[in-house]
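In our numbering, the protein residues as written are 18 to 486. Ideal Cβ placement from N, Cα and C applies to all residues, glycine included. These numbers come from a predicted model, not from an experiment. Worksheet: one structure, shown below.
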């Protein structure tokens, strides 16, 4: 475990081989097999890690291969299973003392993160099995992971309130299972769902807590995931860009030391956007392994193309925006089963980009329809958290009205978007709303109003730290 925590995969492999040689039974070897599968994930060999975990679980009588049911069907089955249980009954379920079941649950828990990145359509079956085994054999330190991921999936399918309920249940379970071994992951996934109910700015402190909880048990992967979401949330929440850059630098150093290349590469793509906005020529120090992941890891590819599209749109590069948003849309359908806060911000910018492309391209109807989908998603999320999503929904309403030549309605929604962003402390989006409203008034020939809004946007961008705008 020390070798794994320190990212020393060479020592771990040597120790692994010794245990396999001298261990008397399969059960004797299970713990080191668990650390070995973790090491494969560390080394960015996610698929190999998952396949090895599936093989070991099969030997333990837990078969996950061969089930072709959809994720939606699996989540519905799990909800039906839980419908016969009250929260109190779940929280008071006995704890398992079976050592084989405890290690089997650890394998299941570790597979959640890898599968949700590269096999998102299959991961709900893992969640279901964690919950089934917990109810049948007793709760283990991994059990809260099953409930928090279930809440995340339910929230992603549109029921934020019910998903948030299971998140809170998972957090309560942490204190019931006698161990906070899984606290880093439960806090991380739960915080991302909570950000759809509570102000997103509140997520920042929670991810710091998640990092500390993960490190207390040597779970450097979940520590890194909390760091990743801290950087993402800081960027989108309008935290001063210099502060966000410092958080990215700190996270990258941690991930580099622990050889967590997948997460390091994702943070570097965010850092690249921060550098562009700040106005510096500095570039992240990408490693070749991270760049190679663009061909094999859809979650990495999605972050890369989204950030490229975001920066192209921010600096009004039509060709760059259109090229990269197309590539982003081509790979987004097969990554991350969970609901994360960046999904909402991605939807927001996809909507803005779509309405902009609709006004400039020859295939306007296609882009308007895509923009409408984003607008409806933000409108629904605004029902669960007006603080975080109201201004975004208003701005998409304004941009759609602009596309439809409904200028009076557009004026109303631009004003509401600017006011809402200011009220809810999104200085980055206050600047953006002012800028897009300025382009709108410029198109109408109202140059004085446009100049007034461009100057206000410039002021707010600089308050954010975006001196490159």
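Assign residue 105 to buried or exposed, taking buried as 16 or more other Cβ atoms, counted over all protein chains shown, within 10 Å of its Cβ. exposed
Which of the three DSSP states is assigned to residue 112 in this structure? strand
Identify which residue in 274, 297, 244 has its Cα closest to the Cα of residue 283. 244
With residue 217 and residue 405 assumed to form a contact (beta carbons below 8 angstroms), what rounded beta-carbon distance in angstroms separates them? 5 angstroms
If we count the other Cβ atoms within 10 Å of its Cβ and call it buried at 16 or more, is residue 292 buried or exposed? buried
How far does the alpha helix (DSSP H) with residue 320 in it reach, from first residue to last? 315-331
By alpha-carbon positions, which one of 191, 133, 412, 475 ends up nearest to residue 349? 133
Would you kindly work out how many angstroms separate the C-alpha atoms of residue 354 and residue 314, rounded to a whole number? 14 angstroms
Option in 305, 47, 53 with minimal Cα separation from residue 31: 53
Using a 10 Å radius around the Cβ and a threshold of 16 neighbouring Cβ atoms, would you call residue 82 buried or exposed? exposed
Kindly list the residues whose CB is nearer than 8 angstroms to the CB of residue 55, restricted to its own chain and excluding five residues on each side of it in sequence; keep chain order. 21, 66, 127, 238
Name the one or two DSSP bridge partners that residue 156 has. 112
Residue range of the unbroken alpha helix (DSSP H) whose run includes residue 243: 237-253
Reduced DSSP category for residue 64 - H, G, I as helix; E, B as strand; rest coil: helix
Which whole-angstrom value is the C-beta distance of residue 415 and residue 434, which I expect to be below 8 angstroms? 6 angstroms
Taking 6 angstroms as the limit between beta carbons, can you name the residues of its chain near residue 301, skipping five residues before and five after? 285, 288, 289
Within 10 angstroms of the Cβ of residue 476, are there 16 or more other Cβ atoms? Answer buried if so, exposed if not. exposed
Check whether the Cβ atoms of residue 221 and residue 247 sit closer than 9 angstroms, and answer yes or no. yes
Span of the alpha helix (DSSP H) around residue 337: 335-348
Determine the contact status of residue 242 and residue 202, defining contact as a CB-CB distance below 9 angstroms. yes
Would DSSP call residue 201 helix, strand or coil? helix
Enclosing alpha helix (DSSP H) for residue 189 [first to last residue]: 177-191
Between the Cα of residue 84 and those of 138, 131, 125, 119, spot the shortest distance and give me the residue it belongs to. 138
Contact set for residue 262: own chain, Cβ-Cβ below 8 angstroms, skip 5 residues either direction: 288, 291, 292, 295
In the structure shown, what three-state DSSP assignment does residue 136 receive? coil
Which value, in whole angstroms, describes the spacing of the CA atoms of residue 479 and residue 381? 33 angstroms
Whole-angstrom distance between residue 320 and residue 184, CA atom to CA atom: 25 angstroms
Where residue 441 falls: helix, strand or coil (DSSP): coil
So, helix, strand or coil for residue 46, using DSSP? helix
Rounded to whole angstroms, what's the CA-CA distance from residue 484 to residue 259? Just pull it up for me. 11 angstroms
I'd like to know if the region 114-125 and the region 149-162 are in contact, where contact means that at least 3 CB-CB pairs between them fall below 8 angstroms. yes
Rounded C-alpha distance that separates residue 390 from residue 224: 30 angstroms
In three-state terms, what does DSSP make of residue 234? coil
Taking Cβ to Cβ, would you say residue 165 is nearer than 9 angstroms to residue 401? no
Please list the terminal residues of the continuous alpha helix (DSSP H) segment that includes residue 282. 278-295
Helix, strand or coil for residue 86 per DSSP? coil
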